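Quick note on numbering: the sequence shown equals residues 1 to 73 in UniProt numbering. Glycine included, each C-beta is placed from N, C-alpha and C at the ideal position. This one's a predicted model, so the numbers in the text were calculated from it and none came from an experiment. Reviewing the structure listed below.
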Amino acid sequence: MTHNPSSLSRPSERIIEAASRLFFRQGYCSTGINQIISESGVAKASFYTHFPSKEALAMAWLRQREERWIEQL
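Right under this line is the structure:
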(Lines of atoms letter the chains of each structure in order from A and count residues from 1; the text may use other names and numbers.)
(Lines give C-alpha, C1' and ligand atoms only; values in the text may rest on other atoms or scores of the structure.)
Protein backbone atom coordinates (compact mmCIF):
# COMPACT_ATOMS: atom_id res chain seq x y z
CA MET A 1 0.00 0.00 0.00
CA THR A 2 1.42 3.37 -0.97
CA HIS A 3 0.91 6.58 0.94
CA ASN A 4 0.53 10.04 -0.50
CA PRO A 5 3.27 12.12 1.17
CA SER A 6 1.04 15.19 1.16
CA SER A 7 -1.53 13.35 3.27
CA LEU A 8 1.12 12.87 5.96
CA SER A 9 2.35 16.46 6.05
CA ARG A 10 1.23 19.20 8.37
CA PRO A 11 -1.82 21.23 7.32
CA SER A 12 0.26 24.39 6.82
CA GLU A 13 2.56 22.50 4.44
CA ARG A 14 -0.39 21.08 2.51
CA ILE A 15 -1.88 24.57 2.21
CA ILE A 16 1.38 26.05 0.91
CA GLU A 17 1.88 23.20 -1.57
CA ALA A 18 -1.69 23.52 -2.87
CA ALA A 19 -1.30 27.29 -3.17
CA SER A 20 1.98 26.84 -5.04
CA ARG A 21 0.36 24.52 -7.61
CA LEU A 22 -2.61 26.84 -8.07
CA PHE A 23 -0.53 30.04 -8.23
CA PHE A 24 1.63 28.52 -10.97
CA ARG A 25 -1.33 27.09 -12.88
CA GLN A 26 -3.71 30.05 -12.81
CA GLY A 27 -1.89 32.97 -11.19
CA TYR A 28 -2.12 34.58 -7.77
CA CYS A 29 -5.05 36.90 -8.54
CA SER A 30 -7.12 34.12 -10.13
CA THR A 31 -6.65 31.74 -7.21
CA GLY A 32 -9.23 31.91 -4.45
CA ILE A 33 -8.91 30.84 -0.84
CA ASN A 34 -11.74 28.33 -1.28
CA GLN A 35 -9.80 26.66 -4.12
CA ILE A 36 -6.70 26.43 -1.93
CA ILE A 37 -8.75 24.97 0.93
CA SER A 38 -10.35 22.40 -1.36
CA GLU A 39 -7.09 21.37 -3.03
CA SER A 40 -5.19 21.12 0.27
CA GLY A 41 -7.92 19.08 1.96
CA VAL A 42 -8.00 21.18 5.12
CA ALA A 43 -10.96 22.73 6.88
CA LYS A 44 -11.59 26.44 6.42
CA ALA A 45 -10.95 27.01 10.15
CA SER A 46 -7.60 25.24 9.80
CA PHE A 47 -6.63 27.50 6.90
CA TYR A 48 -7.36 30.62 8.94
CA THR A 49 -5.58 29.19 11.99
CA HIS A 50 -2.37 29.03 9.95
CA PHE A 51 -2.87 32.00 7.61
CA PRO A 52 -5.09 34.97 8.49
CA SER A 53 -5.30 36.00 4.82
CA LYS A 54 -4.33 35.07 1.29
CA GLU A 55 -1.57 37.68 1.52
CA ALA A 56 -0.13 36.02 4.65
CA LEU A 57 -0.16 32.69 2.80
CA ALA A 58 1.61 34.28 -0.17
CA MET A 59 4.32 35.66 2.13
CA ALA A 60 4.86 32.22 3.70
CA TRP A 61 5.01 30.67 0.22
CA LEU A 62 7.60 33.22 -0.91
CA ARG A 63 9.70 32.65 2.24
CA GLN A 64 9.63 28.89 1.62
CA ARG A 65 10.71 29.38 -2.00
CA GLU A 66 13.54 31.66 -0.90
CA GLU A 67 14.74 29.07 1.64
CA ARG A 68 14.74 26.36 -1.04
CA TRP A 69 16.71 28.57 -3.44
CA ILE A 70 19.29 29.37 -0.75
CA GLU A 71 19.66 25.66 0.11
CA GLN A 72 20.51 24.97 -3.53
CA LEU A 73 23.39 27.47 -3.57
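- For residue 52, the secondary structure class from DSSP, reduced to helix, strand or coil, is coil.
- For residue 62, the three-state secondary structure derived from DSSP is helix.
- Our two residues, residue 37 and residue 47, have alpha carbons roughly 7 Å apart in a direct line.
- Shown here, residue 18 sits in a helix according to DSSP, grouped into three states.
- Rounded to whole angstroms, the Cβ separation of residue 12 and residue 50 is 4 Å, and the two are in contact under 8 Å.
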